[in-house]
Amino acid sequence: MTERTLVIVKPDGVERGLVGEVVKRIESKGYRLVTVDLLTPDRATLERHYAEHEGKPFFRPLVEFMSSGPVFAMVVEGDRVIAGFRSLAGATDPTVAAPGTIRGDLGREWDAPVMRNLVHGSDSEASAAREIAIWFPSL
Ligand code: IDP
Ligand code: MG
């Protein structure tokens with residue numbers, strides 16, 4: 001089943017020069033980039049994107065972190081890519097993310113536990129549709 005998902009290389013990943021590494025893993029798996037953008041997102045966009053987390057203790061720090069510098073956002077297409085990219089990304093907490101995953105291999109979040117985990121990936125068909133509309137309204 002061909003799906004689309006929203007993937008974001010977060011500011012820590014862009015700053016560390018890991019955009020190419022993330023794209024390589026996505027393309028090597030057989031997924032296709034539909035569109036990409038390098039941008040510094042504003043707070044309003046991030047508050048919409050992370051609306052499900054509003055009120056949680058990490059919400060404000062997360063919005064600040066995500067707006068702190070450029071991110072690399074992309075729409076990725078492929079067979080069951082929503083679950084497939086979550087699998088490539090690994091567990092939310094890089095400390096326990098499995099080796100072989102993006103977060104497990106490359107995550108270094110000791111300055112901000114769990115938050116700086118390099119990538120975002122939509123978690124369901126509904127989230128993917130909602131998030132793609134926020135980041136790429138013309139699609
Ligand atoms: P996910 O990105 O794996 O889907 P979510 O639970 O949706 O994880 O959380 C969204 C983002 O919020 C995470 O990727 C991470 O950057 C941050 N985050 C989640 N839990 C915590 C926490 O306990 N402390 C700090 N940041 C967190
Ligand atoms: Mg999530």
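If you read the sequence shown in our numbering, its first letter stands for residue 1, the second for the next number, and so on.
Ideal placement from N, C-alpha and C gives every residue a C-beta, glycine not left out.
For clarity, every value in this text was computed on a predicted model and none was experimentally measured.
- The bridge partners DSSP lists for leucine 38 are Phe72.
- Of Val36, Ile8, Glu21, Met1, the smallest CA-CA separation from leucine 46 is found for Ile8.
- Rounded to whole angstroms, the gap between the alpha carbons of alanine 73 and leucine 106 is 18 angstroms.
- Only residues of its own chain outside the window of five on either side were considered, and among them Gly90, Ala91, Arg103, Gly104, Gly107 have a CB closer than 7 angstroms to the CB of alanine 97, listed in chain order.
- The three-state secondary structure of glutamate 77, taken from DSSP, is strand.
- Here glutamate 3 carries a strand assignment [DSSP, helix/strand/coil].
- Under a 10 Å Cβ-count criterion, serine 124 is classified as exposed, with fewer than 16 other Cβ atoms of the shown protein chains found around its own Cβ.
- Under the 10 Å beta carbon count, proline 99 is surrounded by fewer than 16 other beta carbons and is classified as exposed.
- For glycine 100, the three-state secondary structure derived from DSSP is coil.
- The beta carbon of serine 68 sits closer than 7 angstroms to those of Pro11, all from its chain and outside the five residues before and after it, given in chain order.
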